[in-house]
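A.B. asks: Here the protein sequences come in this chain order: A and B. Counting in this note's numbering, the first sequence runs from 390 upward without gaps. Counting in this note's numbering, the second sequence runs from 13 upward without gaps. The C-beta atom is built at its ideal place from N, Cα and C for all residues, glycine as well.
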Amino acid sequence: MGKIKSLADLRKMKEEVQTKIKLRETSNHPEQVVQVKVGMATCGIASGAKETMKFFIEELEQEAIDAVVTQTGCMGYCYAEPTVEVTLPKKDPVVFGHVDKEKVHEIINSYIKRGELIDGIIPVNFKTIDD
Amino acid sequence: MTDYKMHLLICGGTGCKASESDEIKNRLNQFIEKHGLEDDVQVVMTGCFGFCEKGPIVKVLPDNTFYVQVKPSDAEEIIKEHVVKGRPVPRLLYTDPKSEKHVSDSKGMDFYKKQIRVALRNCGFINPENIDECIARDGYQALGKCLTEMTPEEAIKEVKDSGLRGRGGGGFPTGLKWEITRNVENDQKYVVCNADEGDPGAFMDRSILEGDPHSVIEAMAICGYCIGADTGLVYIRAEYPLAIQRLKVAIRQAEEYGLLGEDILGTGFNFRIELRYGAGAFVCGEETALIHSMEGLRGEPTFKPPFPSVSGYMGKPTNVNNVETLANIPVIINKGAAWFSSIGTEKSKGTKVFALAGKINNVGLIEVPMGTTLREVIYDIGGGIKDGKEFKAVQTGGPSGGCLTKEHLDIPIDYDNLLAVGSMMGSGGMIVMDEDDCMVSIAKFYLDFTLEESCGKCTPCRVGNKRLYEILDKITQGKGEAEDIERLKELSFVIKDTALCGLGQTSPNPVLSTISNFENEYLAHVVDGKCPAGQCKSLLRYDILEEMCTGCTLCFRNCPVGAITGERRQPHYIDQSLCIKCGVCYEKCKFNAVILT
Chain A
390 MGKIKSLADL RKMKEEVQTK IKLRETSNHP EQVVQVKVGM ATCGIASGAK ETMKFFIEEL
450 EQEAIDAVVT QTGCMGYCYA EPTVEVTLPK KDPVVFGHVD KEKVHEIINS YIKRGELIDG
510 IIPVNFKTID D
Chain B
13 MTDYKMHLLI CGGTGCKASE SDEIKNRLNQ FIEKHGLEDD VQVVMTGCFG FCEKGPIVKV
73 LPDNTFYVQV KPSDAEEIIK EHVVKGRPVP RLLYTDPKSE KHVSDSKGMD FYKKQIRVAL
133 RNCGFINPEN IDECIARDGY QALGKCLTEM TPEEAIKEVK DSGLRGRGGG GFPTGLKWEI
193 TRNVENDQKY VVCNADEGDP GAFMDRSILE GDPHSVIEAM AICGYCIGAD TGLVYIRAEY
253 PLAIQRLKVA IRQAEEYGLL GEDILGTGFN FRIELRYGAG AFVCGEETAL IHSMEGLRGE
313 PTFKPPFPSV SGYMGKPTNV NNVETLANIP VIINKGAAWF SSIGTEKSKG TKVFALAGKI
373 NNVGLIEVPM GTTLREVIYD IGGGIKDGKE FKAVQTGGPS GGCLTKEHLD IPIDYDNLLA
433 VGSMMGSGGM IVMDEDDCMV SIAKFYLDFT LEESCGKCTP CRVGNKRLYE ILDKITQGKG
493 EAEDIERLKE LSFVIKDTAL CGLGQTSPNP VLSTISNFEN EYLAHVVDGK CPAGQCKSLL
553 RYDILEEMCT GCTLCFRNCP VGAITGERRQ PHYIDQSLCI KCGVCYEKCK FNAVILT
């Protein structure tokens with residue numbers, strides 16, 4: 390990627406990356422891809438988020454589920470670390486707390502594969518600047 | 013894939029569980045089965061909704077109906093009416109206290125407006141190590157707008173009009189600071205980001221740098237453009253390795269895109285950012301000490317004026333802003349001063365991030381509009397006090413702040429209101445205490461911290477705080493006298509009036525505020541020789557009630573210092589001169605014969 394030369398370029402690029410991130414073009418079936426975000430700030434890592442993320446990647450690969458696993462910062466729910474946000478295609482994101490290996494299995498088997506919510510999801514309780 | 017048409021979310025937070033939310037879940041499932049709806053409706057227990065005052069809560073998806081104070085006996089009606097017939101149950105809906113109307117869709121509830129994430133807008137949303145994700149969320153648009161479409165004066169005016177005040181604690185108007193630094197003539201100026209977060213229990217700056225480093229970088233460049241600086245320095249403590257690493261990655265990516273460096277966006281504006289590491293000294297959060305530390309000198313404050321805006325890093329005009337302050341800047345430029353100043357109170361605009369810690373259920377990071385009350389923060393967002401205990405106090409502003417009590421729960425939080433009740437905003441740590449916390453010990457804890465962190469340059473802070481600590485220690489040892497309370501007050505006022513920098517000027521605050529709010533507790537220590545919270549060991553006394561003691565010898569066998577004597581099947585005794593007050597006998601006794609006074 391070269392340098393961004395002007396504000397117009399930056400605006401154009403914003404449009405491009407927005408679509409790219411929305412669809413996660415790395416996938417062959419962008420409309421079916423599952424997005425997993427693991428909270429990887431100091432608080433999350435201290436509670437085992439690295440292991441959780443690694444385990445997610447391994448398990449999703451083994452199950453041959455088309456998914457993108459990324460890291461993100463602190464979601465603010467320090468009492469429930471590690472926290473993971475899962476977005477199924479065409480659905481609102483759902484945040485899960487206390488995600489250890491066992492919970493990863495549960496999330497993959499119940500939520501990702503069958504669309505069933507599982508106990509322990511964290512309800513959204515804030516507004517964003519776009520609301 | 014099972015395609016549920018409806019989800020019933022039931023709160024599984026501590027408060028709601030105590031009000032039978034498990035039983036509600038069972039009942040709901042029971043009636044779902046009865047109506048043969050197992051494949052259409054799923055009941056899920058969630059984490060805390062945070063609206064504990066009105067718990068237990070049941071939320072219905074997809075229509076967002078929000079039921080409050082639900083009882084197990086209501087389960088049948090919810091299923092029969094709402095799920096089967098599609099009619100919400102009005103008597104269980106939340107009633108808006110102002111309009112006295114039922115609110116069905118939870119999006120219309122005040123409760124959802126309690127938190128607004130401005131500074132934390134990207135935290136937990138984007139991958140902090142991927143600049144594209146940041147750009148997709150408006151990253152660097154504000155910088156582009158400033159450089160291309162605004163003059164530095166216009167940008168400063170926007171920040172001034174927004175009413176943004178420093179989030180590091182002092183609350184100085186940010187736009188004014190920028191203007192002062194801009195108006196000082198010099199060939200070289202600096203932008204400094206203060207990432208030396210030192211309050212015990214505060215971690216919002218670390219979280220912002222770890223979750224959204226680009227916003228801070230962008231804001232520093234905007235500040236550089238406004239004040240006329242081409243160099244930015246981030247002073248960050250070395251004990252934040254992850255934040256440092258993410259910042260480094262972010263700076264490198266911004267340079268690769270040409271968003272930092274020479275001729276940014278073809279406008280001829282140059283800006284680079286370097287990191288400076290601190291060793292984690294509390295006093296280095298004070299801007300003059302911070303600048304000396306960056307210069308390679310001892311981290312000691314110097315007298316102001318001259319202010320850093322006039323003579324700062326290397327004697328050049330320097331603008332120092334805290335991480336959270338900077339994180340607000342791009343939003344102000346993008347959405348405008350009017351949008352930002354519509355949030356908050358008259359003199360404190362925008363939102364504030366708080367780190368909730370201590371005896372609270374939902375420990376974590378929250379962001380609320382200025383003017384939110386402590387009650388809302390602790391009970392509606394924080395989920396109330398752990399283990400159902402009684403709220404006693406909350407410490408805001410860290411070692412420089414004070415304790416607020418039950419009486420202060422309904423005060424709208426902003427800079428001025430907190431100062432008026434003897435505390436301060438500080439960087440936003442909130443440590444919640446319950447009935448088991450001894451306020452004298454809390455004051456002693458903070459003094460212990462300031463003692464360690466005092467740089468030792470001025471006498472009031474170096475010696476005065478030591479003496480304060482000694483008096484507090486004496487009181488917790490049970491050796492205090494009634495005059496000690498007056499001594500503490502007098503010494504505190506002298507330190508406040510004569511110390512050189514903010515550290516010393518505020519270090520007696522925890523002592524003064526605990527004395528003014530909990531004088532009875534101090535008196536109990538010095539007059540009655542008792543610690544009401546049962547924390548000060550020297551003031552405790554364990555005794556064995558003769559009539560209750562069966563002579564089982566369990567306490568005798570477990571006492572680590574041999575302070576208990578007695579024959580089998582005869583009452584036992586504790587030798588007070590030997591007892592170390594460890595409480596083992598109290599825990600071991602099966603007949604409640606050991607009492608604590």
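So, is the C-beta of A:Glu414 closer than 8 Å to a C-beta in chain B?
C.D. replies: For the purposes of this step, residue 414 of chain A is taken as the residue at position 25 of the first sequence. Because the pLDDT at A:Glu414 is just 48, under 50, the model does not fix this residue reliably, and the value given afterwards should be weighed accordingly. Closer than 8 Å: no.
A.B. asks: Can you check which of these residues, B:Thr385, B:Gly400, B:Ile393, B:Lys401, is closest to B:Ile616 by C-alpha distance?
C.D. replies: No information on residue 616 of chain B is available, as it lies outside the stretch 13 to 609 that chain B covers here.
A.B. asks: Kindly say whether A:Ser521, judged by its beta-carbon, lies nearer than 8 Å to any beta-carbon of chain B.
C.D. replies: The structure shown has nothing for residue 521 of chain A, since chain A only spans 390 to 520.
A.B. asks: For B:His304, go through chain A and note every residue whose CB falls closer than 9 Å to its CB, in chain order.
C.D. replies: Your numbering for residue 304 of chain B matches position 292 in the second sequence. Within chain A, no residue comes near B:His304; the closest Cβ sits about 28 Å away, beyond 9 Å.
A.B. asks: Between B:Met451 and the rest of its own chain, which residues show a CB-CB distance below 6 Å, the 5 nearest in sequence each way excluded?
C.D. replies: In the second sequence, the residue the question calls residue 451 of chain B occupies position 439. Only Thr526, Phe530, Glu533 meet the Cβ criterion.
A.B. asks: Provide the residue span of the alpha helix (DSSP H) that contains B:Pro342, from first to last.
C.D. replies: As a position in the second sequence, residue 342 of chain B is number 330, starting the count at 1. Its alpha helix (DSSP H) spans residues 335-347.
A.B. asks: Closer than 8 Å, CB to CB, is A:Met402 near chain B or not?
C.D. replies: Position 13 of the first sequence, counting from 1, holds the residue named residue 402 of chain A. Judged by the 8 Å Cβ criterion, A:Met402 is in contact with chain B.
A.B. asks: Determine, using beta carbons only, whether A:Ala435 comes closer than 8 Å to chain B.
C.D. replies: Position 46 of the first sequence, counted from the first residue, corresponds to residue 435 of chain A. A:Ala435 does not count as touching chain B.
A.B. asks: Which residues in chain A have a C-beta closer than 8 Å to the C-beta of B:Thr58? List them in chain order.
C.D. replies: Position 46 of the second sequence holds residue 58 of chain B. In chain order: Asp508, Gly509, Ile510, Ile511, Pro512.
A.B. asks: Would you kindly check if the distance between the Cβ of B:Ile487 and the Cβ of B:His537 is under 8 Å?
C.D. replies: Locating residue 537 of chain B in the second sequence gives position 525, where the first residue counts as 1. Locating residue 487 of chain B in the second sequence gives position 475, where the first residue counts as 1. Yes, the Cβ-Cβ distance between B:His537 and B:Ile487 is below 8 Å.
A.B. asks: Is B:Val523 close to chain A? Criterion is C-beta to C-beta, closer than 8 Å.
C.D. replies: Reading the second sequence from its first residue, position 511 is the one you call residue 523 of chain B. It does not: the Cβ of B:Val523 has no partner Cβ on chain A nearer than 8 Å.
A.B. asks: Assign B:Val523 to one of three DSSP states: helix, strand, or coil.
C.D. replies: Translated into the one-based positions of the second sequence, residue 523 of chain B becomes position 511. Three-state result, B:Val523: helix.
A.B. asks: Only counting the same chain, and skipping five residues up and downstream in sequence, which positions put a Cβ closer than 8 Å to that of B:Val539?
C.D. replies: To locate residue 539 of chain B, count along the second sequence from 1; it is residue 527. Within the same chain, B:Val539 has close Cβ partners Ala494.
A.B. asks: According to DSSP, B:Thr314 sits in a beta bridge with which residue or residues?
C.D. replies: Your numbering for residue 314 of chain B matches position 302 in the second sequence. Looking at the DSSP assignment, B:Thr314 forms no beta bridge with any residue, so it has no partner.
A.B. asks: Of the residues that make up the stretch 464-479 of chain A, which ones have a beta carbon closer than 7 Å to any beta carbon in chain B?
C.D. replies: Those would be Met464, Gly465, Tyr466, Cys467, Tyr468, Ala469, in chain order.
A.B. asks: Between the C-alpha atoms of B:Ile576 and B:Lys501, what's the straight-line distance to the nearest angstrom?
C.D. replies: The residue given as residue 576 of chain B occupies position 564 in the second sequence. The residue given as residue 501 of chain B occupies position 489 in the second sequence. Each residue's alpha carbon lies about 41 Å from the other.
A.B. asks: Just the C-alpha distance for B:Gly27 and B:Phe78, rounded to the nearest angstrom, thanks.
C.D. replies: Mapped onto the second sequence, residue 27 of chain B falls at position 15. Mapped onto the second sequence, residue 78 of chain B falls at position 66. Each residue's Cα considered, the two are about 17 Å apart.
A.B. asks: Leaving aside the five residues before and after B:Ser353 along the sequence, list all residues of the same chain whose C-beta is less than 6 Å from its C-beta, in chain order.
C.D. replies: Your numbering for residue 353 of chain B matches position 341 in the second sequence. Ser174, Gly175, Lys361, listed in sequence order.
A.B. asks: Identify the contact partners of B:Tyr585 in chain A, using a Cβ-Cβ distance below 9 Å as the criterion.
C.D. replies: Your numbering for residue 585 of chain B matches position 573 in the second sequence. None at all; the shortest Cβ gap to chain A is about 45 Å.
A.B. asks: Could you tell me the boundaries of the alpha helix (DSSP H) in which B:Asn477 lies?
C.D. replies: Translated into positions along the second sequence, residue 477 of chain B becomes position 465. Run containing B:Asn477: 477-488, per the alpha helix (DSSP H) assignment.
A.B. asks: So the alpha helix (DSSP H) B:Val596 belongs to, where does it begin and stop?
C.D. replies: Within the second sequence, numbered from 1, the residue matching residue 596 of chain B stands at position 584. First-last of the alpha helix (DSSP H) with B:Val596: 596-600.
A.B. asks: CB-CB under 7 Å to B:Gly476, same chain, minus the five flanking residues each way: which ones, in chain order?
C.D. replies: Indexing the second sequence from 1 puts residue 476 of chain B at position 464. For B:Gly476, where only same-chain residues beyond five positions count, the Cβ hits under 7 Å are Leu503, Val506, Ile507.
A.B. asks: Since B:Thr518 and B:Pro472 are thought to touch, with beta carbons under 8 Å apart, how far apart are those beta carbons, to the nearest angstrom?
C.D. replies: On the second sequence, residue 518 of chain B is found 506 positions in, with the first residue counted as 1. On the second sequence, residue 472 of chain B is found 460 positions in, with the first residue counted as 1. Actually they are not in contact, since the Cβ atoms of B:Thr518 and B:Pro472 sit about 12 Å apart, beyond 8 Å.
A.B. asks: Might you give, ordered along the chain, the residues of its own chain that have their beta carbon closer than 6 Å to the beta carbon of B:Ile143, omitting 5 neighbours on each side?
C.D. replies: Indexing the second sequence from 1 puts residue 143 of chain B at position 131. Counting only Cβ-Cβ distances below 6 Å, and skipping sequence neighbours, we find Gln265.
A.B. asks: Using a C-beta cutoff of 8 Å, does B:Thr337 count as contacting chain A?
C.D. replies: Position 325 of the second sequence, counted from the start, is the residue given in the question as residue 337 of chain B. No, because no Cβ of chain A sits closer than 8 Å to the Cβ of B:Thr337.
A.B. asks: So, at 6 Å on beta carbons, what are the nonlocal neighbours of B:Arg39 in its own chain, with the 5 sequence-adjacent residues on each side left out?
C.D. replies: Within the second sequence, residue 39 of chain B is the residue found at index 27, counting from 1. The answer, listed in chain order, is Pro84, Ala87.
A.B. asks: Scan the stretch 430-459 of chain A for residues whose Cβ lies nearer than 9 Å to a Cβ of chain B and list them as they occur along the chain.
C.D. replies: Of all residues in the stretch 430-459 of chain A, Ala430, Thr431, Cys432, Ile434, Thr459 have a Cβ within less than 9 Å of some Cβ in chain B.
A.B. asks: Whose C-beta lies closer than 8 Å to the C-beta of B:Phe568 among residues of the same chain, with five residues either side of it excluded?
C.D. replies: For the purposes of this step, residue 568 of chain B is identified with residue 556 of the second sequence, where counting begins at 1. Result list for B:Phe568: Ile576, Thr577, Gly578, His584, in chain order.
A.B. asks: In three-state DSSP terms, what is B:Gly376?
C.D. replies: Taking the first residue of the second sequence as 1, we reach residue 376 of chain B at position 364. Three-state DSSP puts B:Gly376 in a strand.
A.B. asks: Whole alpha helix (DSSP H) runs in the stretch 436-483 of chain B with 4 or more residues, listed along the chain?
C.D. replies: Within the stretch 436-483 of chain B, the complete alpha helix (DSSP H) runs of at least 4 residues are 451-465.
A.B. asks: Quick check: the Cα distance between B:Met442 and B:Leu338, rounded to an integer number of angstroms?
C.D. replies: Reading the second sequence from its first residue, position 430 is the one you call residue 442 of chain B. Reading the second sequence from its first residue, position 326 is the one you call residue 338 of chain B. Their Cα atoms are separated by approximately 21 Å.
A.B. asks: Kindly list the residues whose CB is nearer than 7 Å to the CB of B:Gly492, restricted to its own chain and excluding five residues on each side of it in sequence; keep chain order.
C.D. replies: To locate residue 492 of chain B, count along the second sequence from 1; it is residue 480. Answer for B:Gly492: Lys486, His537, Val538, listed in chain order.
A.B. asks: Using a Cβ-Cβ cut-off of less than 9 Å, give me the residues of the stretch 75-86 of chain B that come near chain A, in sequence order.
C.D. replies: The residues in question: there are none.
A.B. asks: Quick one: which residues of the stretch 164-184 of chain B get their C-beta closer than 7 Å to a C-beta of chain A? List them in chain order.
C.D. replies: For the stretch 164-184 of chain B, which is checked against every Cβ of chain A, not one residue is closer than 7 Å.
A.B. asks: Quick check on the DSSP output: the beta strand (DSSP E) that includes B:Ile22 runs from which residue to which?
C.D. replies: By one-based count along the second sequence, residue 22 of chain B stands at place 10. It spans 18-23 - the beta strand (DSSP E) in which B:Ile22 sits, taken as one unbroken run.
A.B. asks: Taking the beta carbon of B:Ile607 as the centre, do at least 16 other beta carbons fall within 10 Å, making it buried, or is it exposed?
C.D. replies: The count along the second sequence starts at 1 and reaches residue 607 of chain B at position 595. Its Cβ having fewer than 16 others within 10 Å, B:Ile607 is exposed.
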